[in-house]
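Below you'll find the structure, written out as structure tokens, and then a few comments.
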Amino acid sequence: MPLNAAPAVRVLAACSALAGSAPAVAQQWSCTFAPESRYSQTTRIQLPLAGTWIGDYDPVTNPAGTQTRPGLFGGSGNVAIPFTAVVKPTAGIADAVPEGGYGLSLDVATGAVEVTGFTADLLGSQAGTIGTDIVLTFSSFRTFAPNSTFFGVSNLAVPLESGTLDVATATQTGAALGAATPNADGTWSFAVTVPVDVTVSGSAIGQPFASVTPGALAFAGTIALEGSGVRVTSQAASQQAAPVPAGPPLVNVPFPLPTILPPGATANLLMSGTFSEGTATTDSSASIVAVGAPALRPGDLNGDGVVNGADLGILLAAWGGRGPADLNGDGTVNGADLGIQLANWG
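Taking the working numbering, the leading residue of the sequence shown gets -15, the next gets one more, and so forth.
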């Protein structure tokens, strides 16, 4: 062949043998969650809080409001009472229909499995729930309107009004490699652990909260090949724990405190305080059914699901230029792109 032959022709001659002998690669699919998927999650957050509360009495705007006074015998005026507490929001998701997807590859020769790009909106179209307790420690004090005595206590649990859970997502954060074994019915049993960040946010007792908790979803299930597509049925469970940054301070947040002696009334207090860093623990379980279509292989330039001579011809025709044949996106169709195509041959 003359030395001045066109670069594309020289490349074609040099790589024809390689193309014919390129090893087979794993099958790849883009999978989307099916409507029968389900997800449940419980996130328990604990936020230490220290501050004061005072009755909501105001001589002008609320003269019939509650007054607070320290000790068992009262005194006079409306006086702030110190306390310490742990605010404990619990966010729940029960049998939600999650939305999301991931990439799946299966090498039928080796049984190697890989999950990529796993993302999930765990709430789907269903709202989550928030219930909040506050565990209080305070010294004895009295209230007036209503008249009541509160003896000093440690770790008194008081339920608060519900909040909202606005966001719950899971996003893959690293490689997820596993193994599959063939079954007699033609399906494959597989197991793979997917590292994720679980993000939840919402509000409780009128204050926003958010946490990002690293963890792992341990998926195990069945891969069923259906023509060129795939159906993946899997179960997963995880447990994660992470710190929660201190939230913004509370300033005169209404706090209805049930009376203790005598019972049956409500002292209307205003709570102020400062949070410290807290903790969050998340337990989750998932039953994910996903349906996958063949993913476009790098180098499949005509979109027929196979990387072969037709795609090689398209790449060589674009040699030295730009466009879809620039597989690595460096601005030029060259040997690097040819290497990618040959690696995915077949």
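Using N, Cα and C, we set each Cβ at its ideal position, and we do this for glycine too. In this text, all values refer to a predicted model and were calculated from it rather than measured experimentally.
Cα-Cα, which of the options is closest to residue i?
i    : options                   : result
S14  : T153, L120, A277 and T177 : A277
N139 : F17, D295 and P32         : P32
F52  : N252, E261, T197 and G315 : What sits at residue 52 in the sequence shown is Thr, not Phe. Nearest option by C-alpha distance: N252.
S271 : V97, Q30, R22 and G136    : R22
G262 : V70, P247 and N328        : V70
L280 : N328, G304 and V237       : N328
D295 : T36, A301, L285 and F135  : L285
G55  : V151, F122 and L299       : F122
V273 : A18, G95 and Q12          : A18
L90  : Q325, V216, G315 and S256 : V216
G39  : G84, L107, S132 and I29   : S132
A221 : Q12, Y41 and S24          : S24
Check the DSSP bridge columns for residue i and list the partner residues they point to.
i    : result
W37  : I65 and M255
Q325 : DSSP, once it has assigned bridges, lists no residue as partnering Q325.
N338 : Residue 338 is absent from the structure shown; the chain starts at -15 and stops at 330.
D181 : T155 and P198
L90  : Q11 and V97
A80  : Y23
S173 : T165 and T206
V70  : P32 and V119
E141 : The question names Glu, but residue 141 in the sequence shown is Ala. A141 pairs with V119.
S187 : T148 and P192
F17  : A274
G85  : T16 and T103
Residue i lies in the alpha helix (DSSP H); which residues open and close that run?
i    : result
L120 : No alpha helix (DSSP H) holds L120; the beta strand (DSSP E) holding it covers G112 to F122.
L300 : G293 to A301
Since residue i is in the beta strand (DSSP E), which residue starts that stretch and which ends it?
i    : result
F102 : A96 to D105
A358 : Outside the shown range of the chain (-15 to 330) lies residue 358, about which nothing can therefore be said.
T263 : G262 to P278
L311 : Segment: none, L311 is in no beta strand (DSSP E) and carries neither H nor E.
V235 : L234 to I244
T133 : S132 to F134
F125 : F125 to F128
P54  : Q51 to P54
(request) State whether the region 72 to 81 contacts the region 100 to 120, with contact taken as three or more CB pairs (one from each stretch) at a distance under 8 angstroms. (result) Verdict: yes, contact present.
(message) Contact between the region 219 to 226 and the region 260 to 271 is defined here as three or more beta-carbon pairs at a separation below 8 angstroms; is this criterion met?
(response) These segments touch.
(message) Any contact between the region 178 to 192 and the region 50 to 69? By contact I mean 3 or more CB pairs, one from each, below 8 angstroms.
(response) Under the three-pair Cβ rule at 8 angstroms, the region 178 to 192 does not count as touching the region 50 to 69.
(message) Between the region 152 to 171 and the region 230 to 242, can you find at least three pairs of beta-carbon atoms closer than 8 angstroms?
(response) No, because fewer than three Cβ pairs between the region 230 to 242 and the region 152 to 171 fall closer than 8 angstroms, the two stretches do not touch.
(message) Using 8 angstroms as the cut-off, can you tell me whether the region 103 to 110 makes contact with the region 282 to 295, which would need three or more C-beta pairs spanning the two stretches below that distance?
(response) No: fewer than three Cβ pairs fall under 8 angstroms.
(message) Using a Cβ distance threshold of 8 angstroms, determine whether the region 236 to 245 contacts the region 202 to 210, with at least three qualifying pairs required.
(response) With a cut-off of 8 angstroms, the region 202 to 210 and the region 236 to 245 do not count as touching, because too few Cβ pairs lie within range.
(message) Taking 8 angstroms as the cut-off, does the region 142 to 152 touch the region 114 to 133 (at least 3 CB pairs, one atom from each stretch)?
(response) By the criterion of at least three beta-carbon pairs nearer than 8 angstroms, the region 114 to 133 is in contact with the region 142 to 152.
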